[in-house]
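First up is the structure itself, then whatever we jot down about it.
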Amino acid sequence: MKKVITYGTFDLLHHGHINILKRAKEMGDYLVVAVSTDEFNRLKNKKSYYSYEERKMILEAIRYVDEVIPENSWEQKIQDIQEYDIDIFVMGNDWEGKFDFLKDYCEVVYLPRTVGVSTTKIKSELSNVKNG
222 MKKVITYGTF DLLHHGHINI LKRAKEMGDY LVVAVSTDEF NRLKNKKSYY SYEERKMILE
282 AIRYVDEVIP ENSWEQKIQD IQEYDIDIFV MGNDWEGKFD FLKDYCEVVY LPRTVGVSTT
342 KIKSELSNVK NG
């Protein structure tokens, strides 16, 4: 069985998220999604609309996702790859090169992002509507 892992916050789920999850799942038989916890988001100075538990529940309902685990730190990726017997690590190409050190442990693939959509853009547009 070929296992794939990806990481993210997955707040305000949109079609870009679905695209990367679908493409990641197509690369293997089993997709593990590591979701940033609320505590980890605070360390990254990032605020999610939905709590970790809510984002986890949403992701678990998506047919491409086989397992959701917490992302508690930047450093846990090697441990996750080893613990979950991962064959392919997948991230959006906005992270290109940042995780090449994982090539010692598994294949690393950077997928193109879906053009024109991001959680940051959605939050900005919602803020403009609210303030506009």
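Numbering (this note's numbering), first residue to last: 222 to 353.
Cβ coordinates follow ideal geometry from the N, Cα and C atoms, glycine included.
Note that the coordinates shown come from a computational prediction; the quantities given were computed from them, not determined experimentally.
Take residue 277, set aside five residues on each side of it, and the residues of its chain with a beta-carbon closer than 6 angstroms to its own are 256 and 289, in chain order. In the DSSP assignment, residue 309 falls within the beta strand (DSSP E) that extends over 309-313. Spatial neighbours of residue 231 in its own chain (CB-CB distance under 7 angstroms, excluding positions within 5 residues in sequence) are listed in chain order as 238, 256, 276 and 280.
By the neighbour-count criterion, in which 16 or more other beta carbons inside 10 Å mark a residue as buried, residue 270 falls on the exposed side.
Note that the C-beta distance between residue 226 and residue 315 is not below 8 angstroms.
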